[in-house]
Amino acid sequence: MISKEDRTRHLRTYLFGYPIAHSLAPLLHSTLFDAQNTPWSYTLVESVDKSDFLPKLKASDCIGSAVTMPHKVSFMTECDRITDDARVIGAINTVFLRKDPKTGKTLYIGTNTDSIGVREAFLQNFPGVLSQSRGKPAMVIGGGGACRSAIYALWKWLGASEIYLVNRLDTEVDAIKQSFKTTLPECKIKHISSLEQVQGLEPPVAVVGTVPDIPPTQPGEILARKIVEAILGLQPKAFVLEMCYHPNPDTEFFRLAVKFGCQVIPGTEAMIHQGIAQQVLWLEKPLEKIPDAEAKRVIGLEVAKHSQ
592 MISKEDRTRH
602 LRTYLFGYPI
612 AHSLAPLLHS
622 TLFDAQNTPW
632 SYTLVESVDK
642 SDFLPKLKAS
652 DCIGSAVTMP
662 HKVSFMTECD
672 RITDDARVIG
682 AINTVFLRKD
692 PKTGKTLYIG
702 TNTDSIGVRE
712 AFLQNFPGVL
722 SQSRGKPAMV
732 IGGGGACRSA
742 IYALWKWLGA
752 SEIYLVNRLD
762 TEVDAIKQSF
772 KTTLPECKIK
782 HISSLEQVQG
792 LEPPVAVVGT
802 VPDIPPTQPG
812 EILARKIVEA
822 ILGLQPKAFV
832 LEMCYHPNPD
842 TEFFRLAVKF
852 GCQVIPGTEA
862 MIHQGIAQQV
872 LWLEKPLEKI
882 PDAEAKRVIG
892 LEVAKHSQ
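For the sequence shown, position 100 matches number 691 in my numbering, and the numbering has no gaps at all.
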């Protein structure tokens, strides 16, 4: 769908969500566009109302968009098609455009690159992780949208034998298990809801934290933290991705995982790689043609400002 001329004229991409003023995505995508000499823009549309965004998405100069909370589920109905990854996860974070080969109509396709971000964060930062993660348990902490993408990535691409799920609310875990039972029935999800369950548990090789950096105060939160500590204390030590990086990547969970001897990477790694996956779709370029070194440098500098 993208012509050679399209790469040299001003086209628009967006991030639709609320609240998003703190997002690093504009910096990431503008850096990636600049590195490819592509005069495209990436603009925030901060709103809870889809009617504020749909005219922009359907405009002739729009080539695609990112979609974040609270629209990741509800915006699926605005897409002409949904990819299998997004269907299984139950949410989208990206809209890209393609022509229907039969009718020539522009199709708005929803997909989910968050799971690709999780996958690439592990593969790019932990050489050889696949040889250790295949056929072994993994763990996800949390019960929101990021949790679903992490479960999918760990199961599909890192070869986890089952996913331990630790969360403050049993109802969220039940909803996630029921969702995956419908869309990916072969995925084994085990709710770890007590310290007694940790005894004799096979240690997870890959761990993803998906909760905000807020000290636990409620009984469910305190218990979940104790369970996580007990599992991180198992041998051998896990490879850990801490998805929370705002306002500071040096979260309590990040420090906790380091304290227990785990190798830990910040969520900016997943954020960068999910953004690169979006550019692959918008620009219709192979992954190896998307230069990521400058983007990683710029994002690293920006994050460092908030870590001081």
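All C-beta atoms in this analysis are idealised placements derived from N, C-alpha and C, irrespective of residue type, glycine included.
Closest Cα partner of residue i within the set the options
{"i": "ILE593", "options": "ASP643, MET660, LEU635, PHE687", "result": "PHE687"}
{"i": "CYS835", "options": "ILE805, ALA895, PHE771", "result": "ILE805"}
{"i": "ARG600", "options": "ASP652, GLN715, GLN809, SER614", "result": "ASP652"}
{"i": "VAL849", "options": "LEU823, MET862, THR859", "result": "LEU823"}
{"i": "LEU825", "options": "MET730, ARG710, ASN628, LEU615", "result": "MET730"}
{"i": "ALA657", "options": "LEU606, THR668, LEU623, PHE666", "result": "LEU606"}
{"i": "GLN723", "options": "LEU745, VAL802, CYS778", "result": "LEU745"}
{"i": "ALA712", "options": "GLY858, PHE845, LYS595", "result": "GLY858"}
{"i": "ILE754", "options": "THR762, LYS781, ILE767", "result": "LYS781"}
{"i": "PRO840", "options": "MET862, PHE851, GLY852, ALA821", "result": "MET862"}
{"i": "ASN703", "options": "VAL720, HIS662, GLY719, ALA886", "result": "HIS662"}
{"i": "PRO838", "options": "SER898, ILE881, LYS779", "result": "SER898"}
{"i": "ASP625", "options": "ARG598, ILE611, TYR609, LEU645", "result": "ARG598"}
{"i": "VAL789", "options": "VAL664, VAL639, PRO728, CYS853", "result": "PRO728"}
{"i": "VAL855", "options": "ARG672, SER752, PHE717", "result": "PHE717"}
{"i": "GLU833", "options": "LYS817, ALA815, CYS853", "result": "CYS853"}
{"i": "THR629", "options": "ALA884, GLY736, LYS876", "result": "LYS876"}
{"i": "LYS779", "options": "THR685, GLU763, GLY726", "result": "GLY726"}
{"i": "THR774", "options": "LYS880, LYS647, GLY681, ASP671", "result": "GLY681"}
{"i": "VAL764", "options": "LEU786, TRP748, ALA815, GLY750", "result": "ALA815"}
Supposed close pair residue i, residue j - CB separation, criterion 8 Å
{"i": "VAL819", "j": "VAL889", "result": "Not confirmed; about 32 Å, so no contact."}
{"i": "SER740", "j": "SER706", "result": "4 Å"}
{"i": "ARG846", "j": "GLU812", "result": "Not really, about 17 Å apart at Cβ, beyond 8 Å."}
{"i": "PHE534", "j": "LYS649", "result": "Nothing in the structure corresponds to residue 534, since the chain is present only between 592 and 899."}
{"i": "LEU635", "j": "ILE654", "result": "With a Cβ gap of about 16 Å, LEU635 and ILE654 do not count as contacting."}
{"i": "ILE783", "j": "CYS738", "result": "Their Cβ separation, rounded to whole angstroms, is 14 Å, which puts ILE783 and CYS738 out of contact at 8 Å."}
{"i": "PRO882", "j": "GLN627", "result": "7 Å"}
{"i": "GLY733", "j": "VAL664", "result": "16 Å between Cβ atoms; not a contact."}
{"i": "ARG689", "j": "ILE700", "result": "6 Å"}
{"i": "THR659", "j": "GLY608", "result": "4 Å"}
{"i": "LEU714", "j": "ALA886", "result": "No, LEU714 and ALA886 are not in contact; Cβ-Cβ is about 17 Å, not under 8 Å."}
{"i": "TYR743", "j": "VAL639", "result": "No, TYR743 and VAL639 are not in contact; Cβ-Cβ is about 26 Å, not under 8 Å."}
Cβ shell of residue i (< 6 Å), same chain only, five flanking positions each side left out
{"i": "SER632", "result": "ARG603"}
{"i": "LEU878", "result": "VAL871"}
Close beta carbons around residue i, own chain, < 8 Å, minus the five adjacent residues each side
{"i": "GLY695", "result": "none"}
{"i": "SER621", "result": "SER632, TYR633"}
{"i": "GLU843", "result": "ASP804, PRO806"}
Interface flag, residue i vs chain D, CB-CB below 8 Å
{"i": "VAL855", "result": "Although the question refers to chain D, the structure presented lacks it and comprises just one protein chain."}
Close-in-space but distant-in-sequence residues of the same chain around residue i (CB under 7 Å, 5 per side omitted)
{"i": "TRP873", "result": "THR604, ILE654, GLY655, PHE687"}
{"i": "ASP671", "result": "LEU698, TYR699, ILE700"}
The segment 777 to 797 / the segment 824 to 831 touching (three or more Cβ pairs under 8 Å): With the cut-off at 8 Å, the segment 777 to 797 and the segment 824 to 831 touch.
Entirely enclosed beta strand (DSSP E) segments - the segment 626 to 697, minimum 3 residues: Segments of the beta strand (DSSP E) lying fully in the segment 626 to 697: 632 to 637, 653 to 658, 685 to 690.
Inside the segment 733 to 818 only - alpha helix (DSSP H) runs reaching at least 4 residues: For the segment 733 to 818, whole alpha helix (DSSP H) runs of length 4 or above, ordered along the chain, are 736 to 747, 761 to 774, 786 to 789.
Whole alpha helix (DSSP H) elements within the segment 852 to 878, 4-residue minimum: Considered as a whole, the segment 852 to 878 harbours 859 to 874 as its complete alpha helix (DSSP H) runs of no fewer than 4 residues, in chain order.
Inter-stretch contact (C-beta, 8 Å, three-pair minimum) for the segment 858 to 876 and the segment 612 to 629: Of all C-beta pairs linking the segment 858 to 876 to the segment 612 to 629, three or more are shorter than 8 Å, placing the two stretches in contact.
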